[in-house]
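Protein chains in written order, with the numbering used here: chain A, 11 to 242; chain B, 11 to 242.
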């Protein structure tokens, strides 16, 4: 098939830290790992290879530590979360790792509040980016331009909106790396023809009696996230 | 909020077996584990609690063995896969577990080819059900009526289509258990307003130059799956 790269040799690093949201990572993982020949490294910011517990409890086994992750990458990826993401964004070793690998990767990427980690590492400066709706306005504190969209690309930065946006994000990256027919094959394998059981999923499409308490629920996290700044 | 159950005490068992598809499980997990008070048990069919490797490599840590899984459940769930699913469907201990817990659960459920496991356990008999498109016609061999839909409920059986259908499936179950406003809150948290980057995800919406090689790729798996019958 023209424009399609069936076999590749991408090195893809996906960050795992305590309190990450599992679906933020597993959505794009499904499409990244489905690229024949790609090597996906699950990189823990813990000091050993014990499973990393997500925000809801489910734990994923990492394949490599920060120190042992390959230097040259095709994709560097950070998932989101809430309290765990704040801790990762404040962790010097994690930020050093993200900054270092970002200078040796084709695409710097995040889904959901993973953008806060990239932001603190200074990787959103002067760029258009997206993140989970709850913290979208905060991207300005990292000198980024917040964009209310599902997936936003600005140069080598590709960011996805909240949690489930990781599927749209992952597919769009596969299309970029391997061509659209390859991505269409992955889409068919994953039967990705979504049919949410009812309308919703954004602030504007959610009834106020639901969106207002949810916004209130996120307020303490947003308050803490609003204190993050680029690490000099 | 009327019709909403904020706090619950559901016991939910999600089966893990070598070669399961991680996204089949993590999609619904996100919505199940997001129900306040629900306990999600990740049940391994291995003999110990070592992480269970998925079809693409990513390994998830189980919380309990088949023997130690609670008896009375709100949801019993089987994810899909390919070769690993055939092995699980042929494993007597797995089928015994599924059958036993199915008789003590409110909902018997699957996503993707997880329906083959339920089918072999005799749980699809006389019911309408769905599964991954590649094996949908095979449901007749378990005396089920195949339905080409994203999520199908027939009595206490709820089945989802391939992989990504787990998100629609999970949300629809949350709506049933906790009321639609609760599910709308989960949907907003997960920002579930999907926007696939291009059209596709079903056989009919995928160009033939992509769908034909993919159908051929699945043929050996389908051939093996076609030999499965209900265990007497």
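By construction, the Cβ of each residue, glycine as well, lies at the ideal position given by its N, Cα and C atoms.
As the structure is a computational prediction, the values presented were derived from the model and not from experiment.
Restricting to Cα atoms, I'd like to know which of the options is closest to residue i.
| i | options | result |
| --- | --- | --- |
| residue 205/B | 78/A, 228/A, 224/A, 180/A | 180/A |
| residue 242/B | 43/B, 106/B, 26/B, 87/B | 106/B |
| residue 218/A | 129/B, 195/B, 104/B | 195/B |
| residue 20/B | 55/B, 114/B, 77/B | 114/B |
| residue 65/B | 83/B, 171/B, 26/B, 49/B | 26/B |
| residue 188/B | 32/B, 36/B, 30/B, 43/B | 43/B |
| residue 230/B | 29/B, 216/B, 96/B | 96/B |
| residue 182/B | 233/B, 193/B, 154/B, 31/B | 193/B |
| residue 161/A | 190/A, 238/A, 119/A | 119/A |
| residue 153/B | 178/B, 240/B, 228/B | 240/B |
| residue 41/A | 178/A, 32/A, 233/A | 178/A |
| residue 174/B | 212/A, 203/A, 56/A | 203/A |
| residue 191/A | 190/B, 56/B, 222/B, 143/B | 222/B |
| residue 55/B | 98/B, 70/B, 69/B, 142/B | 98/B |
For residue i and residue j, what's the separation of their Cα atoms in angstroms?
| i | j | result |
| --- | --- | --- |
| residue 127/B | residue 72/B | 19 Å |
| residue 124/B | residue 201/A | 14 Å |
| residue 17/A | residue 207/B | 22 Å |
| residue 91/A | residue 145/A | 11 Å |
| residue 136/A | residue 34/A | 25 Å |
| residue 23/A | residue 226/A | 34 Å |
| residue 164/B | residue 47/B | 26 Å |
| residue 86/B | residue 108/B | 8 Å |
| residue 60/A | residue 214/A | 41 Å |
| residue 166/B | residue 116/B | 6 Å |
| residue 53/A | residue 39/A | 13 Å |
| residue 67/A | residue 101/B | 28 Å |
| residue 83/A | residue 77/B | 43 Å |
| residue 103/B | residue 74/B | 15 Å |
| residue 228/B | residue 30/B | 16 Å |
| residue 138/A | residue 238/A | 18 Å |
| residue 220/A | residue 63/A | 29 Å |
| residue 122/B | residue 13/A | 30 Å |
| residue 142/A | residue 134/A | 15 Å |
| residue 49/A | residue 197/B | 31 Å |
| residue 69/A | residue 15/B | 27 Å |
| residue 212/A | residue 28/A | 27 Å |
| residue 32/A | residue 32/B | 10 Å |
So is residue i buried or exposed if we call it buried at 16+ other beta carbons inside 10 Å?
| i | result |
| --- | --- |
| residue 158/B | exposed |
| residue 150/B | exposed |
| residue 185/A | buried |
| residue 236/A | exposed |
| residue 111/A | buried |
| residue 94/B | buried |
| residue 130/B | buried |
| residue 216/A | buried |
| residue 58/A | exposed |
| residue 210/B | buried |
| residue 172/A | buried |
| residue 147/B | exposed |
| residue 233/B | exposed |
Helix, strand or coil, according to DSSP, for residue i in the structure here?
| i | result |
| --- | --- |
| residue 182/A | helix |
| residue 104/A | helix |
| residue 85/B | strand |
| residue 49/A | strand |
| residue 163/B | strand |
| residue 18/A | coil |
| residue 29/B | coil |
| residue 168/B | strand |
| residue 225/A | helix |
| residue 215/A | coil |
| residue 147/B | helix |
| residue 66/A | coil |
| residue 156/B | strand |
For my contact list, residue i and residue j are in at a C-beta cut-off of 8 Å; report their separation, rounded to the angstrom.
| i | j | result |
| --- | --- | --- |
| residue 80/B | residue 51/B | 7 Å |
| residue 156/B | residue 140/B | 7 Å |
| residue 176/A | residue 37/A | 3 Å |
| residue 199/B | residue 45/A | Contact doesn't hold; Cβ gap of about 29 Å is too wide. |
Should residue i be counted as a contact of the ligand PLP given a C-beta to heavy atom distance under 7 Å?
| i | result |
| --- | --- |
| residue 228/B | This structure lacks the ligand PLP; in fact it carries no ligand of any kind. |
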